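Asks:
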Amino acid sequence: MKVKQKTVSILSVPFDLGAGRKGVHLSPNAILQAGLEQRLADAGVSCVLEGEVVPPSTGKGKQNTADNLKNLEEVVTVNEKLADRVEAVVRKGQFPLVLGGDHSIAIGTLSGLTRHYKNLGVIWFDAHSDLNTAETSPSGNIHGMSLAVGLGMGDPRLTKIKEGGHPIKSKHVVIIGARSIDEGEKAYINDSGVTCFTMHDIDQMGMEEVIAQTLDLLRDTTDGIHLSFDVDSLDPLEAPGTGTPVKGGVSYREAQFALRLLHESGLITSAEFVEVNPTLESDNATAEVALEFIASLLGEQIL
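Everything in the sequence shown is counted per the numbering used here, starting at 1 for the first residue and increasing by one.
(1) Can you check which of these residues, GLY144, LEU303, GLU37, LEU267, is closest to ILE211 by C-alpha distance?
(2) If you measure between the beta carbons of GLY349 and LYS186, is that distance less than 8 Å?
(3) In whole angstroms, what is the alpha-carbon distance linking THR136 and SER180?
(4) Quick check on this structure: which residue in GLU50, CYS47, LEU97 has the alpha carbon closest to the alpha carbon of ILE225?
(5) If we ignore side chains and look at the alpha-carbon of each, how far apart do ARG253 and TYR188 end up?
(6) Whole angstroms are fine: how far does the CA of ALA127 sit from the CA of PRO245?
(7) DSSP on GLY177, reduced to helix/strand/coil?
(8) If you reduce the DSSP assignment to three classes, tell me which class LEU298 lands in.
(9) Tell me, please, whether the stretch 284–291 touches the stretch 148–157 by the rule of three or more beta-carbon pairs shorter than 8 Å.
(10) Let me make sure I understand the geometry here. Which of ARG85, VAL24, GLY18 has the alpha-carbon closest to that of ASN68?
(11) Identify which residue in LEU26, PRO138, ALA271, GLN5 has its Cα closest to the Cα of LEU227.
(12) If we count Cβ pairs, one from each stretch, closer than 8 Å, do we get three or more for the stretch 43–52 versus the stretch 99–114?
(13) Since ASP232 contacts GLU275 with CB under 8 Å, what's their CB separation in whole angstroms?
Next up, the structure:
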C-alpha cells in the first residue's frame, strides 16, 4: 500500500563524534542553507523545521580505548534524544527527515521508528555496511556500527536505546552500494539474511533492477520503510565532501534514478541523509547534491 503524502518534519543533528574526522556536524546547516525549505516548497511538499537535536555540551569526545568504542557517552546521549524526537514526529503522523551528522545518528533514528513500526524495513545506501561491533571494528568509530546496533548487536549501552522498540529483522534490511566491507561484517551478511547489493551487483543488474528487487523484498512484509542515505555511497568524484570516501561508487544519475523510483513506489515512510562534511571542500557541492537527492525522494520532478 502506498503511503499518503505527509508533512515532512526536518530534524537536524549536528553531530560528528561518531566519526573519525571532524566537520560533519556542519552538514545539516549546509543543506538547509543550500535552500532545502524552498526547494521542497517549490516541489509542493509541506515541511516544518523541528530544530536541532542538541549534542552533548562537552564538545570534546573521550575515547574509550578499553571497549574500542570512541566517544561512547556522547553517542549514547545524542541518540537517546534523537530517538525521542523521531518517535514524537511519527506519532504526529508526519514524515521524519533527519539531517546528520555522522552515520552513528542512525541508532537514534531507528530506535525512534521501531517504537511505532512493528516490522520496519531499512534501505541502507552506503559504501560500507556499518555492521561492525566493538569486537570487529578496526577503528572503534561508532558510525561504522550503527546498523549493527539497529539489529540488536553490540554494546548494551548502545542497544538499550532501542528499548521499547520492536526488533528489526535482518530479512528486512537491504544494503545498496557497498564496496568496503570488513571481514566480520561479511560473515554476518552471509549468515544473517541481510540483503546486500554491492557495486558489482549494481554493475551487473543495473540500478532499476536493484530497486525493484529491494521493494519486492520489503513491500508486503513491512509496515514502514526507512531510507538511510550516506553520501559516501556515491563515487567520490560526485561527492568529495565526505569523510570516508571509497572509489568506484554510485554515480549521480544512478542515485537520482534510485531515489525517484523509491518516491514513485510510495513506500518510504522516513529518511535520513548523513556524512556530508563541508570542511573537505570549498564550494558546498556535496551538500547541494544531498539537497537534490532529498528533493527527488520527496517528489520533485524534472517536468
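Cβ atoms here follow ideal geometry from the backbone N, Cα and C, with glycine treated the same way. Because the structure is a prediction, the values reported are computed rather than measured.
Replies: Looking at the atomic coordinates:
(1) Residue 211 sits at position 211 when you count from the first residue of the sequence shown. In this structure, LEU267 is the residue among GLY144, LEU303, GLU37, LEU267 with its C-alpha nearest to the C-alpha of ILE211.
(2) Because the chain spans 1 through 303 in this model, residue 349 falls outside it and cannot be assessed.
(3) Residue numbering aside, residue 136 sits at position 136 when the sequence shown is read from its first letter. Residue numbering aside, residue 180 sits at position 180 when the sequence shown is read from its first letter. Each residue's alpha carbon lies about 14 Å from the other.
(4) Along the sequence shown, read from residue 1 onward, the residue named residue 225 stands at position 225. That would be LEU97, whose Cα lies nearest to the Cα of ILE225.
(5) Along the sequence shown, one-based indexing puts residue 253 at 253. Along the sequence shown, one-based indexing puts residue 188 at 188. Straight through space, the alpha carbons of TYR188 and ARG253 are spaced by roughly 31 Å.
(6) As a first step, residue 245 must be located in the sequence shown, where it is residue number 245. As a first step, residue 127 must be located in the sequence shown, where it is residue number 127. Each residue's alpha carbon lies about 8 Å from the other.
(7) Locating residue 177 in the sequence shown gives position 177, counting from the first residue. In the structure shown, GLY177 sits in a strand (DSSP, three-state: E or B).
(8) The residue labelled residue 298 in the question sits at position 298 within the sequence shown. Correct three-state label for LEU298: coil.
(9) Result no; under three Cβ-Cβ pairs closer than 8 Å.
(10) In the sequence shown, residue 68 corresponds to position 68, counting from 1. If we check each option's Cα against that of ASN68, GLY18 comes out closest.
(11) Working through the sequence shown from its first residue, we reach residue 227 at position 227. The residue with the shortest Cα to Cα distance from LEU227 is ALA271.
(12) Cβ pair count under 8 Å is below three, so no.
(13) Walking along the sequence shown from the start, residue 232 turns up at place 232. Walking along the sequence shown from the start, residue 275 turns up at place 275. Yes, ASP232 and GLU275 are in contact; Cβ-Cβ is about 6 Å, under 8 Å.
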